[in-house]
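Note sheet for the following structure.
Numbering (this note's numbering), first residue to last: 1205 to 1526.
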């Protein structure tokens, strides 16, 4: 690599980063620029270290990157620019990059839950053995439907929000061990499969899907994302990329997991509101299901649009830095 040419090409960006780092106050656009330049110059430093380890330039860029990192970490107070960047870049990009993982988790979950539902529906004696004949015939449907209106809607929404966020956090935190994630998924698939199978055995499949679909699409997708990202952390330990150590690979996947954990708090808040207010609402089933489908498609569209855009921008920045 021609070090002089590389320096001439990127010197303007380095000087701009130094200028922004030294300012006492930054506007929203300047804060975004600082973050982007910090990431870009960190890439420059990595390139210089690997291809032409000039000690003077490495020291200069290291000092610049550390100063910018300190400025970003030390910024106090609320910043709309940070929030905007998180929801337009950080969170959707982390979910977008992990899509093969959470898609595979979702497909596997649906297959397992569907098999359990079919097995119990085709063999009612299994349902009877699980909950008793009288309960299965008389009380289970009422219990299933009544669950969604047993508590006041605001209180129920809060309970659902905290419960789902806790399940997702457990999936992410235990991902390094892998097996606990599969246990959590199995437990949830078992609950859904048994519930659906019991209702199907008594010809109440319509009740099951009309009550679980409005909120379940978004809620379960959040669980799939958490589980997929958690498993990705575990896989980073088992098979790290060639250019990273195990510790570095796990740290990188873990940082992505933190972004996902924070972002899913918002997703589960929306899912909780739908489950508490929409699922038990006395309106036609088509309206309730339609609201749930719109929320689900909205999340998928958000991840695909913003995640893909952020991935392309990052790839372009990396190529221009190489």
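Quick reminder that beta carbons are idealized off the backbone N, C-alpha and C, glycines included. The structure presented is a predicted model; accordingly, all values stated were derived computationally and were not measured.
Residue i in three-state terms, based on DSSP
i, result
"residue 1406", "coil"
"residue 1301", "helix"
"residue 1448", "coil"
"residue 1382", "coil"
"residue 1487", "coil"
"residue 1248", "helix"
"residue 1197", "Not covered by the structure: residue 1197. The range shown for the chain is 1205 to 1526."
"residue 1208", "helix"
"residue 1443", "coil"
"residue 1520", "helix"
"residue 1359", "helix"
"residue 1222", "helix"
"residue 1228", "coil"
"residue 1236", "helix"
"residue 1327", "coil"
"residue 1460", "helix"
"residue 1256", "coil"
Cβ neighbour criterion (16 or more within 10 Å) applied to residue i
i, result
"residue 1212", "exposed"
"residue 1210", "buried"
"residue 1503", "buried"
"residue 1461", "buried"
"residue 1487", "exposed"
"residue 1319", "exposed"
"residue 1207", "exposed"
"residue 1401", "buried"
"residue 1491", "exposed"
"residue 1443", "exposed"
"residue 1274", "exposed"
"residue 1479", "buried"
"residue 1255", "exposed"
"residue 1244", "buried"
"residue 1260", "exposed"
"residue 1368", "buried"
"residue 1394", "exposed"
"residue 1520", "exposed"
"residue 1389", "buried"
Proximity winner among the options, relative to residue i (alpha-carbon distances)
i, options, result
"residue 1189", "1471, 1520, 1519 and 1234", "Shown here, the chain extends from 1205 to 1526; a query on residue 1189 therefore has no answer."
"residue 1464", "1300, 1321 and 1447", "1300"
"residue 1516", "1250, 1372 and 1296", "1296"
"residue 1426", "1445, 1371 and 1394", "1371"
"residue 1217", "1242, 1226 and 1307", "1242"
"residue 1495", "1235, 1507 and 1477", "1477"
"residue 1497", "1418, 1439 and 1219", "1418"
"residue 1468", "1482, 1365, 1397 and 1408", "1365"
"residue 1406", "1325, 1239 and 1253", "1325"
"residue 1238", "1379, 1220 and 1514", "1220"
"residue 1376", "1420, 1431 and 1512", "1431"
"residue 1292", "1509, 1328 and 1258", "1509"
"residue 1361", "1483, 1224 and 1512", "1483"
"residue 1424", "1265, 1490 and 1310", "1310"
"residue 1513", "1289, 1312 and 1440", "1289"
"residue 1493", "1254, 1270 and 1415", "1415"
"residue 1225", "1251, 1271, 1254 and 1388", "1271"
"residue 1363", "1223, 1475 and 1485", "1475"
"residue 1392", "1230, 1313 and 1437", "1313"
"residue 1518", "1222, 1229 and 1298", "1298"
"residue 1410", "1489, 1264, 1458 and 1452", "1489"
"residue 1466", "1258, 1223 and 1294", "1294"
8 Å contact criterion, which residue i and residue j should meet: CB distance rounded
i, j, result
"residue 1499", "residue 1435", "Not a contact, Cβ separation roughly 25 Å."
"residue 1404", "residue 1321", "6 Å"
"residue 1385", "residue 1306", "Not quite, the Cβ-Cβ distance comes to about 11 Å (not below 8 Å), so this is no contact."
"residue 1285", "residue 1235", "4 Å"
"residue 1454", "residue 1380", "7 Å"
Beta carbon proximity, residue i to chain B, threshold 7 Å
i, result
"residue 1313", "The structure shown contains no chain B; it holds only a single protein chain."
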